[in-house]
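In our numbering, the protein residues as written are 39 to 128.
As structure tokens, this is what we get:
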């Protein structure tokens, strides 16, 4: 006969994930992203830009390797296009 068990209670207060999802953690991530050197020219021209995450760093993926992706690796793909509609005034 199966017995019901209570879920284990975990105390995350002193762990490395204590602030996960907090306003502080979100601000730290946002500021870190703004300081990322790889974003210096991101989205400035129409077209495709790809970066690969290597050892927790954003590295520009060479254009000759566009279309070649590896299982288990992380990539950021940005597609910028020219809008045919005028931007709203104001």
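Built from N, CA and C at the ideal position, the CB exists for glycine as well.
Remember, predicted model here, so these are calculated numbers, not experimental data.
Do residue i and residue j have their CB atoms nearer than 8 Å?
i, j, result
"residue 104", "residue 86", "yes"
What does the alpha-carbon distance come out to for the pair residue i and residue j?
i, j, result
"residue 96", "residue 72", "12 Å"
"residue 40", "residue 48", "24 Å"
"residue 91", "residue 67", "16 Å"
Can you find the residues in the same chain that come closer than 7 Å, C-beta to C-beta, to residue i, ignoring five residues on each side of it along the sequence?
i, result
"residue 108", "none"
"residue 80", "87 and 116"
My understanding is that residue i touches residue j, with C-beta atoms under 8 Å, so please give their C-beta distance in whole angstroms.
i, j, result
"residue 88", "residue 99", "4 Å"
Excluding the 5 residues preceding and the 5 following residue i in the sequence, name in chain order all residues of the same chain whose CB lies nearer than 6 Å to its CB.
i, result
"residue 63", "57"
"residue 3", "The question about residue 3 has no answer here: the residues shown for the chain are numbered 39 through 128."
Among the candidates the options, whose CA atom is the shortest distance from the CA of residue i?
i, options, result
"residue 118", "42, 82 and 61", "82"
"residue 74", "94, 106, 123 and 51", "94"
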